[in-house]
Amino acid sequence: MNVLCLVAHPDDETILCGGTLALLAARGAAVHVACLTRGEGGELGEPPLTGREHLGDMREQEMVCAVGKLGGKSLTFLGYVDPVVGPEDKLFAPEHDPTMLAGQIVAAIQQFKIDVVITHGSNGEYGHPAHMLMNQMTLAAVASLRQEVEAQPAFPNHLTTQPPSFYTFAAAFPDHPYPRLANAEDSADLILDVSAMLDKKDAAALCHKTQNALFVRRRSEQMGRPVTVREALLSVESLHRVFGQPGDELSKLLIR
Numbered sequence: 002m003n004v005l006c007l008v009a010h011p012d013d014e015t016i017l018c019g020g021t022l023a024l025l026a027a028r029g030a031a032v033h034v035a036c037l038t039r040g041e042g043g044e045l046g047e048p049p050l051t052g053r054e055h056l057g058d059m060r061e062q063e064m065v066c067a068v069g070k071l072g073g074k075s076l077t078f079l080g081y082v083d084p085v086v087g088p089e090d091k092l093f094a095p096e097h098d099p100t101m102l103a104g105q106i107v108a109a110i111q112q113f114k115i116d117v118v119i120t121h122g123s124n125g126e127y128g129h130p131a132h133m134l135m136n137q138m139t140l141a142a143v144a145s146l147r148q149e150v151e152a153q154p155a156f157p158n159h160l161t162t163q164p165p166s167f168y169t170f171a172a173a174f175p176d177h178p179y180p181r182l183a184n185a186e187d188s189a190d191l192i193l194d195v196s197a198m199l200d201k202k203d204a205a206a207l208c209h210k211t212q213n214a215l216f217v218r219r220r221s222e223q224m225g226r227p228v229t230v231r232e233a234l235l236s237v238e239s240l241h242r243v244f245g246q247p248g249d250e251l252s253k254l255l256i257r
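Written out as C-alpha cells, the structure reads:
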C-alpha cells in the first residue's frame, strides 16, 4: 500500500498523525509525505536556534529527520512560503494559485501510485488557514481524479480502476484527550491506539528542535502543569473517511 500524507508545515506530520504514519510504515506501507511550506513563519526556538532568514532551511532538515524516524519513504516540499504569525497570533495561509496547488497534489498521487491520501481536517484542527487550505486542495485533487476515472475507464495510469481513498486526521470523537486539535465537523471513523509507536513519535518530535518549546507550552497550558515533549504527544489518533469504504485496505492494516 502506498500512502501520501499532505501537511501544511514541518511538525504537522508528527504532532497530528505521527503515530498513524509510524504504524503504517511498521506494517509494510510505503509512506510518502508532502509539505506545503518549510515553516518559515514559525517559532525560532527558546532560546532562538536560528534567525528568521534561515528558519526554513533548519525546519526542512528537522522534517527530514522526523519523517525518517517515523519510517517514511520520501519527503517532498511543494515550495510555498509560510507567512509569519501576525499580531494577536493571527495565522495565515501562504500565497498560492489553487489550480497549480491542486495540480501538484495530483502529480504526487500519480508519481507515487498512491492508494490512500491523508491530510488535515476540514476545520484546520484549531482553525489554521494553511491547514484548511491543504484540506480543500487535497479534496479538489482527489475529487478530480475520481471524476477522471469515472469518465474514462481506460485511464492509463495506476488509477485505472480505483482512485485513492481519502482520509483526514485529527478527527473528533467523544472524550478526545486534546479537543483543541480535534476537527469538530469530522467524526472519527478510525480511532487508533498508537501507544506502541510513541518512541518513534517522540523521536520524530525531538527532531523539530525549533518547535519543541511550542509543543510543551501548548500542552502545559491544556494540562495545567509543566510537561515534557513526550507528554505533549497523544497516544490516541483518529481518522475521518472522506472517500473510501468501511473495512478498506487502510482499515485492515491499522485495525488488528
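Read in order, the letters of the sequence shown are residues 2 to 257 in the working numbering. For glycine and all other residues, C-beta sits at the position ideal for the given N, C-alpha and C. Just so you know, these numbers come straight off a predicted model, no measurement behind them.
Query                                                                                                                                       : Result
Mapping the DSSP letters down to three states, classify L254 as helix, strand or coil.                                                      : helix
Around the C-beta of P11, are 16 or more other C-beta atoms found within 10 angstroms, so that it is buried, or is it exposed?              : buried
Based on Cα-Cα distance, which residue from L140, A183, Q246 lies nearest to C6?                                                            : L140
Nearest to L182 by alpha carbon, out of C66, I115, S239, L92?                                                                               : S239
In angstroms, rounded to a whole number, what distance separates the CA positions of H209 and Q153?                                         : 44 Å
Just grab the DSSP bridge partners of F167 for me.                                                                                          : V118, F244
So, are the CB atoms of P99 and F93 less than 8 Å apart?                                                                                    : no
Classify D187: buried if its beta carbon has 16 or more other beta carbons within 10 angstroms, exposed otherwise.                          : buried
By Cβ distance below 8 Å, which residues in the same chain neighbour P130 in space, the five residues on each side in sequence not counted? : L92, F93, A94
For A103 versus M138, is the C-beta distance shorter than 8 Å?                                                                              : yes
Can you give the Cα-Cα distance for F78 and E151, rounded to whole angstroms?                                                               : 30 Å
In terms of alpha-carbon separation, which member of K114, V118, P180 lies closest to G128?                                                 : P180
Report, in whole angstroms, the separation of the C-beta atoms of L234 and K201, which I expect to be a contact under 8 Å.                  : That pair is no contact at about 10 Å.
For N124, name the three-state secondary structure that DSSP assigns.                                                                       : coil
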